[in-house]
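Per my numbering, residue 154 is the first one in the sequence shown, and the count goes up by one each step. Positions of the beta carbon are idealized from the N, C-alpha and C atoms, including for glycine.
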Amino acid sequence: LEHMRKKGLAGATVLRGVAGFGASSVVHTEKVLRLSLDLPLIIEVVETEEAIQAILPDLDEMIGGGLITLERARVILYRPAAVEDGRSR
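Rendered as structure tokens:
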């Protein structure tokens, strides 16, 4: 996430799954008494196709195992949050 911010991407969100399984078919779940480091993560980025293509080599180097998908999105509404002085952040 920090790498994407430093690269100037428009926005990104990290979502952590509560359970999931992959190629091994082993189910990984969140337990109250156990900190699971192998839960699924989704990093969702909204950006132009050119910016996504430019960062893909970086992501390839950073991800040891996992899946990267590229989906086209249709943005219906974007309204940045306002801060107290009236400017958007």
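Reduced DSSP category for residue i - H, G, I as helix; E, B as strand; rest coil
| i | result |
| --- | --- |
| glutamine 197 | In the sequence under discussion, the amino acid at residue 197 is glutamate, which differs from the glutamine named in the question. Glutamate 197 falls in the strand class under three-state DSSP. |
| alanine 234 | coil |
| arginine 227 | coil |
| leucine 168 | strand |
| leucine 162 | coil |
| leucine 209 | helix |
Exposure label - residue i; buried when at least 16 CB within 10 Å
| i | result |
| --- | --- |
| methionine 157 | buried |
Sub-9 Å separation of residue i and residue j beta-carbons
| i | j | result |
| --- | --- | --- |
| glycine 164 | valine 198 | yes |
| threonine 166 | isoleucine 208 | no |
| glycine 170 | proline 193 | yes |
| glutamate 214 | leucine 162 | no |
| isoleucine 205 | leucine 220 | no |
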